[in-house]
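> Following this message is one structure expressed as structure tokens.
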Amino acid sequence: MIFRKQILLIIFVTLICPISLLYGIASHITLGSFGQLEQRDMRKSVERVRDTLTAEFDNLEGTVTDWSNWDDAYAFIENRNPGFIKSNIVEQTFTGIRLNFIIFVNPSGELVYGKGFDLRKNKEIPIPQSLLKQAPSIPVIQSTDLGKQAKPLRILTLPENPLVIVSRQILTSEAKGPSRGTLIFARYLDEDAVKRLGEITHLSLTIKRFDDPQLPADFGAIRSNLIDLQPNQSSIAIQPLSEDAIAGYTVIKDIYGKPALILRVDTPREIYKQAPSKSFISADFAVGGGLVFWRSIR
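Now the structure itself:
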């Protein structure tokens, strides 16, 4: 009887060792697979936010094109007709398309007219000198560029806040020249704008300046990786924030092609947390089978 138990014990040990090894391998594969799924899901979330931001930009771009290819605007640069301002540059214009600034610049780079508006307080505000200084040199996308492949987001960083900015040559309603200058529409990419973007995408978002000397630790740790990824416009860096959260990061460049902002999307690690439960199920089967076998030889 003792000899029989020894034989069975040897068989048990012989079986349980490979089972344990297979369990370890399976757990590693399971964790790796769930990790890949988590990263893929995170990447899609970042891309969704970026696509939504691009769509917002495209809508603004379409509006400025309508305004810049307009006989009334074309005439205004020459005659400075106050009736044009009274009828068109009104509160509803700013609130309707969520604009903060409208600026008309003539071909010589001189300010013809500009107006700022605070969307939160619903009142007129002065145009920052930092924006007025750069307005004449803001690159203009020609109408012939509209059919080209995806355009980068046009960001202008100011001391106050970064701006989403679009500009067009001022032409006739038939989109003919000569150009009488540049029309600029600009919208702050501030906390309210980021909050709205998060509500649209149903994601938790944070945007920080790329050159911020007081970046949060996770932004600072990932910034150098993002610099290395810059040649690829679709580059996304991903890192866990904790056992419970993971974040994806991407860089948004300014109108001069330089890194301007870091966008972070963070989500709960719901996918990754499922991996241990799958492994535990396998472990339960292995342990349960071992216990049944052990009881049978006693």
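Using this note's numbering, you'd call the opening residue of the sequence shown number 35 and step up by one each time. Heads up, the beta-carbon is just placed ideally off N, CA and C, and yes, glycines get one too.
(1) Helix or strand or just coil, what does DSSP make of T191?
(2) Would you report the Cα separation of R114 and I131, rounded to the nearest angstrom?
(3) Got a sec, what are the start and stop residues for the beta strand (DSSP E) T206 sits in?
(4) Please determine if the region 212-226 and the region 132-149 are in contact, where contact requires at least 3 C-beta pairs separated by less than 8 Å.
(5) Is the region 134-151 touching the region 201-219, taking contact as three or more C-beta pairs under 8 Å?
(6) Closest by CA to G34, which one among L205, I172 and V228?
(7) Assuming A227 is part of the alpha helix (DSSP H), what are its boundary residues?
(8) Quick one: give me the first and last residue of the alpha helix (DSSP H) that L119 is part of.
(9) Rounded to whole angstroms, what's the CA-CA distance from R257 to P302? Just pull it up for me.
(10) Check for me: the beta strand (DSSP E) holding E158 runs from which residue to which?
(11) Please go through the same chain and pick out, in chain order, the residues whose beta-carbon is closer than 7 Å to the beta-carbon of S154, but skip the five residues on each side of it.
(12) How should I334 be labelled, buried or exposed, when 16 other C-beta atoms within 10 angstroms of its C-beta is the threshold for buried?
(13) Mind checking S79: buried by the 16 CB within 10 Å criterion, or exposed?
(14) DSSP state of Y290, grouped into three classes?
(15) Pop quiz: L94 and V200 are said to be a contact at Cβ under 8 Å. What is the actual Cβ separation, rounded to whole angstroms?
(16) Mapping DSSP to helix, strand and coil, what is L71?
(17) In the DSSP assignment, find the unbroken beta strand (DSSP E) run with L145 in it and report its ends.
(18) Verify whether the separation of the beta carbon atoms of T206 and Y108 is less than 8 Å.
(19) Using a Cβ-Cβ cut-off of 7 Å (strictly less than) and excluding sequence neighbours within five positions of D105, which residues of its own chain qualify?
According to the data block:
(1) If DSSP states are grouped into helix, strand and coil, T191 belongs with the strands.
(2) Those two C-alpha atoms are separated by around 24 Å.
(3) Premise fails: T206 is in no beta strand (DSSP E) and is neither H nor E.
(4) These segments touch.
(5) Contact between the region 134-151 and the region 201-219 is established, with three or more Cβ pairs separated by less than 8 Å.
(6) Given a span of 35 to 332 for the chain in the structure shown, any question on residue 34 remains unanswerable.
(7) It spans E225 to T235 - the alpha helix (DSSP H) in which A227 sits, taken as one unbroken run.
(8) The sequence given here places Ile at residue 119; Leu does not occur at that position. Looking at the DSSP string, the run of the alpha helix (DSSP H) that includes I119 is P116 to N122.
(9) Taking the straight line joining both Cα atoms gives about 22 Å.
(10) Counting along the chain, the beta strand (DSSP E) containing E158 begins and ends at K157 to I159.
(11) Looking at the sequence shown, residue 154 is not Ser but Arg. Short of 7 Å from the beta carbon of R154, and not among the five residues preceding or following it, lie these beta carbons of its own chain, in chain order: D226.
(12) The structure shown does not extend to residue 334, since the chain is modelled only from 35 through 332, so no value can be given for it.
(13) The residue in question, S79, is buried, as its Cβ has 16 or more Cβ neighbours within 10 Å.
(14) Coil, per DSSP.
(15) Contact holds; Cβ gap of about 5 Å.
(16) The answer is helix: DSSP assigns L71 an H, G or I state.
(17) Its beta strand (DSSP E) spans residues L145 to D152.
(18) In this structure, the beta-carbon distance from T206 to Y108 falls below 8 Å.
(19) For D105, where only same-chain residues beyond five positions count, the Cβ hits under 7 Å are T206 and S207.
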